[in-house]
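Quick note, the sequence shown lines up with residues 17 to 336 if you use this note's numbering.
Structure, as structure tokens:
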Amino acid sequence: KLTVVSEAMHGMNHSVVSEFVFLELTNSWEIQLLLFVFSFLFYFASMMGNLIIVFTVTLDANLHSPMYFFLANLSVIDMAFCSITAPKMISDIFKRHKAISFGPCITQIFFSHVVGGTEMLLLIAMAFDRYVAICKPLHYLTTMSPQMCLFFLVTSWTIGLIHSVTQLVFVVDLPFCGPNVLDSFYCDLPRFLRLACTDTQELELMVTINSGLTSVGSFVLLVVSYIFILFNVWEHSSGGSSKALSTLSAHSTVVVLFFGPLMFFYTWPSATSHLDKYLAIFDAVLTPFLNPAIYTLRNKEMKVAMKRLCSGLGHYRKIS
């Protein structure tokens, strides 16, 4: 049902859609059940896995280093990222009328771009941290000081906020008079703009430049930096080269998983298939789960710290 509210904006009468309706991902009850179980389990596992990383890094003094500081903050971002869209998607799967009002839709777009932009910059900071640790180890402690780590973190959140605000400031006052159907399970900016009752080509170009080219540029920058680090590792091969390669491979996997769907969403023309919707599910619930899995399964220090934490908790329970 299309609900339309008339109000005066900027001295002119505009019709504003009060809610947006999401299309079903599938009409099959069996596939809906499978999606529900898949999404719920991976969302729960994402939250628990990232929480474990945050607690392990916080409580284990051996992990109080720049690399694990960034890793813990990446886990916080991943928890926020999957919580923006996944809970509503999971609760809407069996609903006939999957709707979201205008305010929450804008809020969803705002926070997804804040968190996405922040994660983009944090991954670059993590790449810089690995560059200094591998290529300039003697200067690592002075270069990656606590003040520098905090600077990277604050800068990442600030740029993420600016990235989101500069897009939404041009979007919140757009007139929406119908249709109000989004072929998705969450509010995303490209589809949102196509529903406006005005020409949005310039805004769509702005979104492509702001989100699309930024994600592509950041991805290329990260790939080039990893290649540079790899060449440096091969030239100065030593006993620590295998550890450096393992760390870089984990970082590279996370980068590909994060940037792959983003580049597809914001640089591809209008969607012609349902591929982007299923990629969005992957991005919303699976990537935040894979990040902690990749970092814990491929990181010996993390696994040892987690065992130490579990044994410490078990010892505390016996005493109490």
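In this text, a Cβ means the ideal position worked out from N, Cα and C, and glycines have one as well.
Residues in the same chain with beta-carbon distance under 7 angstroms from residue i, minus the five sequence neighbours each way, listed in chain order, please.
i: M306; result: According to the sequence shown, residue 306 is Leu rather than Met. So the list reads L273, once near-sequence residues are dropped.
i: A212; result: L190, P191 and F192
i: K17; result: Because the pLDDT at K17 is just 39, under 50, the model does not fix this residue reliably, and the value given afterwards should be weighed accordingly. Taken in chain order, the list of residues that qualify is empty.
i: M64; result: none
i: S117; result: S34 and E35
i: N196; result: L18, V33, E35, F36, V37 and L211
Using only CA atoms, which one of the options lies nearest to residue i?
i: T134; options: F86, A102, L154 and M160; result: F86
i: Q183; options: A309, I225, Y156 and L313; result: I225
i: V70; options: V92, T283, R146 and A143; result: V92
i: A177; options: I125, L209, L219 and P206; result: In the sequence under discussion, the amino acid at residue 177 is Leu, which differs from the Ala named in the question. The option with the nearest alpha carbon to L177 is I125.
i: V33; options: M64, S231, V73 and I122; result: I122
i: F58; options: L154, A309, R314 and S327; result: A309
i: C355; options: M279, L154 and V148; result: There is no way to answer for residue 355, as the model of the chain reaches only from 17 to 336.
i: S55; options: E40, S44 and P103; result: P103
i: P304; options: N66, V53, T269 and F52; result: N66
i: V188; options: E46, L198 and T216; result: T216
i: S107; options: G276, T171 and V53; result: V53
Excluding the 5 residues flanking residue i on each side, which residues of the same chain have their C-beta closer than 6 angstroms to its C-beta?
i: N29; result: Because N29 sits at a pLDDT of 36, beneath the cut-off of 50, its placement in the model cannot be relied upon, and the following sentence gives the value as read from the coordinates. Excluding residues within five positions, none has a Cβ falling inside 6 angstroms.
i: F168; result: A141
i: T101; result: Y202 and A300
i: R324; result: none
i: V73; result: L79, Y84 and A88
i: A96; result: V131
i: M105; result: F201
Starting from residue i, trace the beta strand (DSSP E) in both directions and tell me its first and last residue.
i: I225; result: Neither: I225 is in no beta strand (DSSP E) and is coded neither H nor E.
i: I116; result: A115 to S117
i: E35; result: E35 to F38
Do residue i and residue j have their C-beta atoms within less than 8 angstroms of each other?
i: L137; j: I175; result: yes
i: R112; j: T263; result: no
i: A143; j: Y242; result: yes
i: Y282; j: S200; result: no
i: S128; j: C98; result: no
i: L278; j: S231; result: yes
i: L219; j: F186; result: yes
i: D94; j: A321; result: no
i: F280; j: L295; result: yes
i: L229; j: V271; result: no
With residue i as the anchor, note down where its alpha helix (DSSP H) starts and where it stops.
i: R314; result: Looking at the DSSP string, R314 is not in any alpha helix (DSSP H), and its letter there is neither H nor E.
i: Y59; result: W45 to L75
i: V301; result: No alpha helix (DSSP H) contains V301, which DSSP labels as neither H nor E.
i: F167; result: P162 to L184
i: D108; result: P82 to D108
i: N248; result: T230 to E251
i: R210; result: L205 to R210
i: T158; result: Y156 to T159
Leaving out five residues on either side along the sequence, give the residues of the same chain with a beta carbon under 8 angstroms from the beta carbon of residue i.
i: L246; result: L261 and L264
i: T288; result: Low confidence applies here, because T288 scores a pLDDT of 48, under 50, leaving its location unreliable; read the following figure in that light. There are no such residues.
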